[in-house]
Each structure stands twice: as C-alpha cells, then as structure tokens.
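Take the sequence shown: its letters are residues 23 to 115, numbered as in our numbering. Written below as structure tokens is the structure these notes are about.
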Amino acid sequence: MMKLDRYPSGTEMRVSALCTAIIHEAVELQRTTNWKWWKTPTSFNEADAREELIDIWHFVIQASLELNLTPDDILDEYRKKNEINRERQRIGY
23 MMKLDRYPSG
33 TEMRVSALCT
43 AIIHEAVELQ
53 RTTNWKWWKT
63 PTSFNEADAR
73 EELIDIWHFV
83 IQASLELNLT
93 PDDILDEYRK
103 KNEINRERQR
113 IGY
C-alpha cells in the first residue's frame, strides 16, 4: 500500500515527483543493457528490462491522470507533436 501522506500535494509537485520517478526508472532500464562499452558484456535479461519498462509506463500513466489527459487527449497531443517533428525533419532542424 502506498503511503499517501508522502505523495506530494498539488498537480505541479506531483508531476515533478513523477518525472523524477520516470527518470530513475529509465536509468534502471538502461542498466539492464550493455551500454558500458568498457565492460565485458553480460547476457541481456529481457524480463528485467520489461519490468523496468512497465515501471516507467506506470508513472507516465499516473502523470497523464494528474494532468487530466484522456486517451483521446493523448492521441491528439501525440499527433500534434508528431506533425511538428515531421516538419522539423523536412526543413532540416
């Protein structure tokens, strides 16, 4: 059970805390890979990587809820940003 008395109050502080969680989970996901070219590679553990990725999804979904994003809102925002990115690629940004 999550200790809600430790969860920040207010949307801004909650989104900030969730961003921190996402960053740290992304680092944990990266640690499942052989990104350190100076070390002897180890076997990739896909199960561990999947678990870390799901942790990221959990916090992304929670942030979406904090920002009152519906699935349609998410798709609309994605389409808008995707169009901006395509235009940037077209003009050599």
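Yeah, the Cβ is synthetic: ideal placement off N, Cα and C, and Gly gets one too. What you are looking at is a predicted structure, and each value in this text was computed from that prediction instead of being measured.
Query, Result
"How close, in whole Å, do the beta carbons of E88 and V49 come, if the pair is a contact with beta carbons under 8 Å?", "Their Cβ separation, rounded to whole angstroms, is 22 Å, which puts E88 and V49 out of contact at 8 Å."
"Could you check how far apart the C-beta atoms of I78 and L51 are, in whole angstroms? I think they sit under 8 Å.", "7 Å"
"Along the chain, which unbroken stretches of the alpha helix (DSSP H) at least 4 residues long are found entirely within the region 42 to 110?", "68 to 88"
"Consult DSSP for S38 and reduce its assignment to one of helix, strand or coil.", "helix"
"Is it true that the CB of L40 sits closer than 7 Å to the CB of A85?", "yes"
"On a Cα-Cα basis, can you pick out the residue from I106, T55 and S31 that is closest to T64?", "T55"
"Could you compute how far the alpha carbon of K61 sits from the alpha carbon of R72?", "23 Å"
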